[in-house]
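The listed protein sequences correspond, in order, to chains A and B.
Position 11, counted from 1, in the first sequence is what my numbering calls 67; the numbers after and before it change by one each time, with no gaps.
Position 123, counted from 1, in the second sequence is what my numbering calls 179; the numbers after and before it change by one each time, with no gaps.
Cβ atoms here follow ideal geometry from the backbone N, Cα and C, with glycine treated the same way.
Note that the structure is a prediction, hence the values are computed from the model and not measured.
Working notes, beginning with the structure itself.
Protein chains: 2
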Amino acid sequence: MSTYVDPSGRRLDDYPRPSVAVDTAVLTVTAERSLAVVLVATDGGWRLPGTFLHEHETLAEAVLRSLRTKAGVEGLSPRQLHVFDEPDRDDRGWVLSVAHRDAVPVERLTVDEELARITPLTALPALPYGHEDILKAAVATLRDDYAYRPDPSALLAAPFTLRDLQLLHEAVAGAPFRRDTFRRTMEPQLRATGETLLGSVGKPARLFTRD
Amino acid sequence: MSTYVDPSGRRLDDYPRPSVAVDTAVLTVTAERSLAVVLVATDGGWRLPGTFLHEHETLAEAVLRSLRTKAGVEGLSPRQLHVFDEPDRDDRGWVLSVAHRDAVPVERLTVDEELARITPLTALPALPYGHEDILKAAVATLRDDYAYRPDPSALLAAPFTLRDLQLLHEAVAGAPFRRDTFRRTMEPQLRATGETLLGSVGKPARLFTRD
DNA sequence: CAAATAGTGTCTTTTAGACACTATTCG
DNA sequence: CGAATAGTGTCTAAAAGACACTATTTG
Numbered sequence: 057m058s059t060y061v062d063p064s065g066r067r068l069d070d071y072p073r074p075s076v077a078v079d080t081a082v083l084t085v086t087a088e089r090s091l092a093v094v095l096v097a098t099d100g101g102w103r104l105p106g107t108f109l110h111e112h113e114t115l116a117e118a119v120l121r122s123l124r125t126k127a128g129v130e131g132l133s134p135r136q137l138h139v140f141d142e143p144d145r146d147d148r149g150w151v152l153s154v155a156h157r158d159a160v161p162v163e164r165l166t167v168d169e170e171l172a173r174i175t176p177l178t179a180l181p182a183l184p185y186g187h188e189d190i191l192k193a194a195v196a197t198l199r200d201d202y203a204y205r206p207d208p209s210a211l212l213a214a215p216f217t218l219r220d221l222q223l224l225h226e227a228v229a230g231a232p233f234r235r236d237t238f239r240r241t242m243e244p245q246l247r248a249t250g251e252t253l254l255g256s257v258g259k260p261a262r263l264f265t266r267d
Numbered sequence: 057m058s059t060y061v062d063p064s065g066r067r068l069d070d071y072p073r074p075s076v077a078v079d080t081a082v083l084t085v086t087a088e089r090s091l092a093v094v095l096v097a098t099d100g101g102w103r104l105p106g107t108f109l110h111e112h113e114t115l116a117e118a119v120l121r122s123l124r125t126k127a128g129v130e131g132l133s134p135r136q137l138h139v140f141d142e143p144d145r146d147d148r149g150w151v152l153s154v155a156h157r158d159a160v161p162v163e164r165l166t167v168d169e170e171l172a173r174i175t176p177l178t179a180l181p182a183l184p185y186g187h188e189d190i191l192k193a194a195v196a197t198l199r200d201d202y203a204y205r206p207d208p209s210a211l212l213a214a215p216f217t218l219r220d221l222q223l224l225h226e227a228v229a230g231a232p233f234r235r236d237t238f239r240r241t242m243e244p245q246l247r248a249t250g251e252t253l254l255g256s257v258g259k260p261a262r263l264f265t266r267d
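In structure tokens form, the structure reads like this:
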């Protein structure tokens, strides 16, 4: 593995190499139906959870490792967003950061309150290392995903009503939707369980599952 | 810059670090109106142009350096696609590859015929290191870009006719378009020069520029 | 029954596509 | 004039949006 010699006669591992980090925006929708992100404490402030890439580890594995230890979540499927490479973005040296995104139901997040917070986007503190750009990109991809599909990140526990689904979509998009149009877009993509949800005022709502 | 000490007491540069490469799919449309990509010769085969990231260099700078030396193009604006990180994808060791894409008019490509070829996608050889996936992603983003805009990568020399533009779009999309619909979509996004193109059979075509 | 929520019929507006016609040049 | 290419009017089909009505529950 170190026997490759390039045209100028130097071996691959003679070149200086950057450290590679992963930083992840873990998004969720809180019980109060607001879009939120997991932040971890850093000296005097908050940042997105991240870690350095270890040897014999893929980027996705590094993301999962950092989220397991810092946000108490398992079994996510992080998606790559962008590599941040501005030479001076990190005062610890030459560090490339590969930004990732994931979304998870708030019930599955068991963050250690000493180390991490679930922060609504409306109450966001200043973030270091360009993490605000990562977050912006993460929210944009989540909105894209939800634009035409009921619940691609499985943020809702099945079975759910169309009202639940609409409230979720409104939290993700940050904007209200028409009830009738929303129903007609989503219902063909859901499977009705045949059950209804009783117990509150009004006509009982039918229950659905994804697919 | 090497004084950072992490929680386990190790300095940042004590960790093993990967080599980081950039690989770029440079797309163009040939005089024969076919979508093509720049490939460079490697031992016994062809690959996308790429290079290792140097110290104090951004990814974009590394891409521009590799294209200057290997494809004779200046002044591109490469776009990041994805990081390829499968541990065994490169037999030279632990190498992450950051895939990029750019598109350029074929007239601006002055490749050294000994080292590089402009290869139509219909005559593509097998590519190593997952470069076929990079190419696929590059073509997909180019098609997305051209779906609703006249010529976002400025592949056409202005002024041009709507017919020229439609032939370009058909080369990019690999599919024909309706003449009337195409015109109605694009014309509002172009500026007519007021000139027409004479010299061939048929009604003279009006000339347009981007913006 | 009133209030509240679920679900749907239907009309309008917008957009995309299809087709056919007119317009202007060259040889 | 005929062939070829440019440009447009208009009809149709599909999709999105708006509105109002019906349906079924709780208290």
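Could one say the Cβ of residue i lies closer than 8 angstroms to chain A's Cβ atoms, at least one of them?
i               : result
G109 of chain B : Checking the displayed sequence, the identity of residue 109 of chain B turns out to be Leu instead of Gly. Chain A contact via Cβ: present.
T114 of chain B : yes
H138 of chain B : yes
Residue j and residue i - do their beta-carbons sit closer together than 8 angstroms?
i               : j               : result
V78 of chain B  : L109 of chain B : yes
L104 of chain B : L183 of chain B : yes
H138 of chain A : A193 of chain A : yes
V76 of chain B  : R73 of chain A  : yes
L165 of chain B : T84 of chain B  : yes
A231 of chain B : Y202 of chain B : no
P215 of chain B : M242 of chain B : no
L218 of chain B : A172 of chain B : no
T107 of chain B : R121 of chain B : yes
L152 of chain A : A92 of chain A  : no
D220 of chain A : R247 of chain A : no
A87 of chain B  : V195 of chain B : no
L180 of chain A : R89 of chain A  : no
I174 of chain A : V94 of chain A  : yes
E111 of chain A : W102 of chain B : no
Could you give the C-beta distance for residue i and residue j, rounded to a whole number, given that I count them as a contact under 8 angstroms?
i               : j               : result
A116 of chain A : V82 of chain A  : Their Cβ separation, rounded to whole angstroms, is 14 angstroms, which puts A116 of chain A and V82 of chain A out of contact at 8 angstroms.
T252 of chain A : D158 of chain A : No, T252 of chain A and D158 of chain A are not in contact; Cβ-Cβ is about 33 angstroms, not under 8 angstroms.
Any idea if residue i is buried or exposed, counting beta-carbon neighbours within 10 angstroms, 16 or more meaning buried?
i               : result
G65 of chain A  : At G65 of chain A the pLDDT is 46, less than 50, meaning the model places this residue with poor confidence and gives no usable figure here.
L123 of chain B : buried
Q136 of chain B : buried
E113 of chain B : buried
G250 of chain B : exposed
Y185 of chain A : buried
S133 of chain B : exposed
L254 of chain B : exposed
T125 of chain B : exposed
S256 of chain B : exposed
A118 of chain B : buried
D146 of chain B : buried
D141 of chain A : buried
A210 of chain B : exposed
Cβ of residue i less than 8 angstroms from any chain B Cβ?
i               : result
R199 of chain A : no
Y71 of chain A  : yes
V154 of chain A : yes
W102 of chain A : no
P74 of chain A  : yes
P143 of chain A : yes
S58 of chain A  : Residue confidence is low: S58 of chain A scores 38 on pLDDT, short of 50, so the model does not pin down where it sits. Its coordinate-derived value is still stated next. Answer yes: the Cβ-Cβ gap between S58 of chain A and chain B drops below 8 angstroms somewhere.
P63 of chain A  : Here the model assigns P63 of chain A a pLDDT of 49, short of 50, so the residue's position is not dependable and the matter cannot be decided.
Run the proximity test for residue i: is its beta-carbon closer than 7 angstroms to any non-hydrogen atom belonging to the ligand HEM?
i               : result
W102 of chain B : Only the bare structure without any ligand can be found here, which leaves the ligand HEM out of the picture.
Residue ranges of each alpha helix (DSSP H) within the segment 176-263 of chain A, 4 or longer = The alpha helix (DSSP H) runs of length 4 or more contained entirely in the segment 176-263 of chain A are, from start to end of the chain, 187-204, 218-229, 235-242.
key: Sequence ranges, beta strand (DSSP E) only - wholly within the segment 105-167 of chain B, length at least 3   = Taken in chain order, the whole beta strand (DSSP E) runs of length 3 or more contained in the segment 105-167 of chain B are 106-108, 135-140, 151-159.
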